[in-house]
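Residue numbers (the numbering used here): 688 to 1137. Beta carbons: idealized from backbone N, C-alpha and C, even for Gly. Down below is the structure, laid out as structure tokens.
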Amino acid sequence: MMSPTVPDALPAHDPAFWPIVAAILLLLALSAFFSGAETALGAASRSKLRARADKGDQRAADALEARENSENLNGAILVGNNLVKLLATSLAAALGLRISGWGGMALAVLVLALLLLVLAEVLPRSLARIAPEEMAGRIARPLGVLARILAPVVWTVRLIARGLLAPLGIRAGGTGPVFSVQDEIADALAVAQSSGAVQKEERDLLMGALDLSERSVEEIMLHRSNIEMIDAGLSADAVLDLVLKSPHTRLPVYRGERENVVGVIHAKDLLRGVRRAMQEGGPEALRGFDVLSIAMPPYFVPDTTPLDEQMQEFMKRRTHFALVVDEYGSLRGLITLEDILEEIVGEITDEHDMDAAQTLVPNAQGDYLVDGAMTIRDLNRALDWTLPDDEANTVAGLVIHMAQSIPSAGQVFSFHGYRFEVLSRRENRITRLRIRPLELPPASEPAPDQ
């Protein structure tokens, strides 16, 4: 098979040269438009667009409408961008073949690939990220026109895709929302805080309420090792003494094993019962006083219950106290309505919370003394830090997870951009730490300093 001959005329004198070059440049521009439009619509803040639209900016209103129709527009962008790239590549190959044979075709395709990468991908996407809202407003209407032109092609491609995926049991083309409402609200709050319209405390409160559905009871419950409980076999005097010394108004009652919770005593109910017994039989009546006679039935909840659902259950039952169990029915901890409210408004303290002020103590050196049982979420909220809480709920748990052991007092670790020094440990629990932010970038793994 013979190679195509090279024409005697110069490329510029070929009557087909400039029309093909112009077509390729036009297709490059269209590809750049599609790439920039995709990035701009994805990066544009809905809250910023809404604020501009409310002030009468028609372009912002068009961009908002485009985001609402994002499924169809994304299909048009995908199909359109691939079509223009395919056409541009075909024209470049034909032009190279016309000018210099197979070698010219290979060179033309290589040059076009570089131009597509730089001019139709990297450059437009970079420009779109600089001012996504402005870019989204400018491209919304032209993109809508192109989407209507490409609608038959997009529909055909989707039909073919559904036909290919159907035998596999996969349903293409879901109708669910593309953008998370919660993410949009969080974005709006971030914008409002940066502009001074919303304070950090207000943003934390609103975000705390939004996060309730994403968090479960086990993440904030009081662990069973820290629960104050009453043995049902104790005398009334002993029970009364324990209740009066406790800072809590409700205490679980167990019989035999601590796992066997048979009731919950409220301090007021106990005092009423003791007073009634004293009035009816005098001091001798307390000897036969049955503590369980004034106890409420225990309310058990699964540890996987979302916090928003648990709060609703508390309101329905008109109770503030629940015992948390796992899938096997074993006691894991307890949770109160106050615990859930603290996830929204922050720490709630009263005159009985003697140690609340000692949970987080700042030092003049720039570090902080932290109780090991303090939750990572509370620490992040108090200091505006970003320690991860996906592997552990408490600060002590995070250190144990990263160290892959139970550290001794005096050990120091550096990870996630902070220095953690274990100050005290009780049995297998870290009770006190000193934490200081590092100037160095955060490390992915713990690195003992000593």
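Considering just the uninterrupted stretch of the alpha helix (DSSP H) at residue 1111, what are its terminal residues? It is not in any alpha helix (DSSP H) - residue 1111 instead sits in the beta strand (DSSP E) that spans 1105 to 1113.
With DSSP run on the structure shown, which of helix, strand or coil describes residue 977? coil
For the alpha helix (DSSP H) that contains residue 829, what are its first and last residues? 819 to 852
Got a sec? Which residues, its chain only, sit under 7 Å from residue 1067 by beta carbon, not counting five neighbours each side? 1073, 1074
Residue of 795, 1064, 743, 1002 minimising C-alpha distance to residue 1029: 1064
Apart from the five residues on each side of it in sequence, which residues of its chain come closer than 7 Å, Cβ to Cβ, to residue 769? none
Count the C-beta pairs between the stretch 969 to 984 and the stretch 907 to 915 that are closer than 8 Å, then say yes if the count reaches three, no if not. no
Ignoring anything shorter than 3 residues or poking outside the stretch 866 to 945, list the beta strand (DSSP E) runs there in chain order. 937 to 941
For residue 1069, which residues from the same chain have a beta carbon less than 7 Å from its beta carbon, with the 5 sequence-adjacent residues on both sides left out? 1047
Do residue 823 and residue 658 have their beta-carbon atoms positioned less than 8 Å apart in this structure? With the chain covering 688 to 1137 only, the question about residue 658 has no answer from this structure.
What is the rounded straight-line gap between the Cα of residue 738 and the Cα of residue 727? 17 Å
Tell me whether residue 894 counts as near the ligand HEM, meaning its Cβ is closer than 7 Å to at least one heavy atom of that ligand. Among the components of this structure there are no ligands whatsoever, and the ligand HEM is therefore not found.
Do residue 779 and residue 711 have their beta-carbon atoms positioned less than 8 Å apart in this structure? yes
Taking the beta strand (DSSP E) that residue 855 falls in, what are its first and last residues? Where residue 855 is concerned, there is no enclosing beta strand (DSSP E), given that its DSSP letter is neither H nor E.
If contacts are defined as beta-carbon pairs under 8 Å, then residue 1082 and residue 1100 qualify, I think. What distance do you get, rounded to the angstrom? At roughly 12 Å, the Cβ-Cβ gap does not stay under 8 Å, so residue 1082 and residue 1100 are not in contact.
Can you find a CB in chain C that lies within less than 8 Å of the CB of residue 894? This model lacks chain C altogether; it includes just one protein chain.
Just to confirm before moving on: does the CB-CB distance between residue 750 and residue 827 stay below 8 Å? yes
Report the rounded CA-to-CA distance for residue 890 versus residue 732, giving the unit in angstroms. 17 Å
Residues that DSSP places opposite residue 1084 in a beta bridge: DSSP output for residue 1084 lists no bridge partner at all.
In three-state DSSP terms, what is residue 1020? strand
Could you tell me whether the stretch 991 to 1002 touches the stretch 884 to 901, where touching means 3 or more Cβ pairs closer than 8 Å? yes
Using a Cβ-Cβ cutoff of less than 8 Å, which residues in the same chain neighbour residue 1041 once the five nearest sequence positions on both sides are dropped? Confidence at residue 1041 is low in this model, with a pLDDT of 49, below 50, so the placement of that residue should be treated as unreliable; the coordinate-derived value is given next. Correct list, in chain order: 934.
Can you tell me where the beta strand (DSSP E) holding residue 750 begins and where it ends? No beta strand (DSSP E) contains residue 750, which is instead part of the alpha helix (DSSP H) from 745 to 755.
Please classify residue 710: does DSSP put it in a helix, a strand, or coil? helix
In the DSSP assignment, the beta strand (DSSP E) including residue 805 goes from what residue to what residue? Looking at the DSSP string, residue 805 is not in any beta strand (DSSP E), and its letter there is neither H nor E.
Range of the contiguous alpha helix (DSSP H) that encloses residue 733: 733 to 741
Classify residue 777 as helix, strand or coil using the three-state DSSP reduction. helix
Cβ-Cβ separation, residue 721 to residue 767 (assumed contact under 8 Å), whole Å: 5 Å
Are residue 807 and residue 724 close, meaning C-beta to C-beta below 8 Å? no
For residue 952, which three-state DSSP category applies? strand
Neighbourhood of residue 923 by C-beta distance below 8 Å, restricted to the same chain and skipping five residues each side: 961, 964, 973, 974, 976, 978
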